[in-house]
Amino acid sequence: MSGDHLALDLAVTIRHDGHGGVADDLAEAAGLTRWVRAHSAAFGEDAAVAAEFTADEAARTAVAEVRTAVRALFARAVLPGPPSSADAGRLPSARQALDRLNAASALAPVAPRLDWPDDGAPVASHTVPGSPAPADRLGAALARSAVAFLAGPDRELLRACPAPRCVRYFVKEHARQEWCKPSCGNRARVARHHARRREERAGSDG
Ligand SMILES: [Zn+2]
1 MSGDHLALDL AVTIRHDGHG GVADDLAEAA GLTRWVRAHS AAFGEDAAVA
51 AEFTADEAAR TAVAEVRTAV RALFARAVLP GPPSSADAGR LPSARQALDR
101 LNAASALAPV APRLDWPDDG APVASHTVPG SPAPADRLGA ALARSAVAFL
151 AGPDRELLRA CPAPRCVRYF VKEHARQEWC KPSCGNRARV ARHHARRREE
201 RAGSDG
């Protein structure tokens, strides 16, 4: 099966660019090709398709729409906490996001399959009946990953990193984790320190 965190990996292709702005790893078809191939193992039964995938602009648009739906539903999942600031003001409604996600999933439905070798234990796997286009298969796999993630236990551990300039979603790995990674915690502490210094100076001036 696809890794549940494939949807999270997709969401964070919108990221801080290191200079105070927001970068999009999937801004061009070549970026999607690179991303899909780098994550091919996480596509489960679609891994072979992912490993040889070459994106065109239509595929890029389709995957970007799945990503927008995922980010809209992530923004809902982290409530009452704040969403990622990268796109908080321009996300579709939850209803539109659900429709988009479910439509992408339906482009390549999977069928459970049982194999039971003469000399071994039964093995369950999934097949994709028919021969949907690779872009539809991969878009559906991403949508399935989002379905599994959002309906699963990790949804409640999802957070938008509150560090200055960071726009990442992450899954908390322990109860007290506040930041997506240690460098974000360091940056936030430095920012708090400077804010305190400014307040102290303003206080002594007045
Ligand atoms: Zn962060």
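Note that UniProt numbering has the sequence shown beginning at 1, numbered continuously upward.
Just so it is clear, CB atoms sit at the ideal spot from N, CA and C, and this is done for glycine as well.
All of these numbers come straight from a predicted model, not from anything done at the bench.
CB contact flag (residue i, residue j, <8 Å)
| i | j | result |
| --- | --- | --- |
| residue 93 | residue 143 | no |
| residue 57 | residue 29 | yes |
| residue 10 | residue 60 | no |
| residue 40 | residue 55 | no |
| residue 68 | residue 91 | yes |
C-alpha distance - residue i paired with residue j, whole-angstrom precision
| i | j | result |
| --- | --- | --- |
| residue 179 | residue 200 | 26 Å |
| residue 133 | residue 103 | 15 Å |
| residue 42 | residue 15 | 20 Å |
| residue 147 | residue 197 | 46 Å |
| residue 100 | residue 38 | 25 Å |
| residue 22 | residue 79 | 22 Å |
| residue 66 | residue 95 | 14 Å |
| residue 72 | residue 115 | 38 Å |
| residue 119 | residue 150 | 38 Å |
| residue 176 | residue 195 | 23 Å |
| residue 203 | residue 172 | 37 Å |
Candidates the options, of which the one nearest residue i by Cα
| i | options | result |
| --- | --- | --- |
| residue 174 | 184, 183, 158 and 166 | 158 |
| residue 12 | 204, 49 and 169 | 169 |
| residue 235 | 35, 130, 66 and 75 | Since the first residue shown for the chain is 1 and the last is 206, residue 235 is missing from the structure and cannot be characterised. |
| residue 163 | 65, 18, 154 and 40 | 18 |
| residue 86 | 152, 24 and 115 | 24 |
| residue 20 | 202, 177, 181 and 165 | 165 |
| residue 127 | 36, 35 and 44 | 44 |
Proximity test, residue i beta-carbon vs ligand 2 heavy atom, cut-off 7 Å
| i | result |
| --- | --- |
| residue 172 | Annotation note on ligand 2: not contained in the displayed structure, which lists ligand 1 as its ligands. |
Whole alpha helix (DSSP H) runs in the region 8–61 with 4 or more residues, listed along the chain? 29–38 and 47–51
Does the region 108–115 come close enough to the region 134–149 that 3 or more CB-CB pairs lie under 8 Å? yes
Output the residue ranges of the beta strand (DSSP E) runs that lie fully inside the region 83–120 and measure 3 residues or longer, sorted by chain position. 111–115
When the Cβ atoms of the region 24–44 are set against those of the region 180–197, are three or more pairs found closer than 8 Å? no
Counting only runs that start and end within the region 165–191, where is the beta strand (DSSP E) found for 3 or more residues in a row? 169–171
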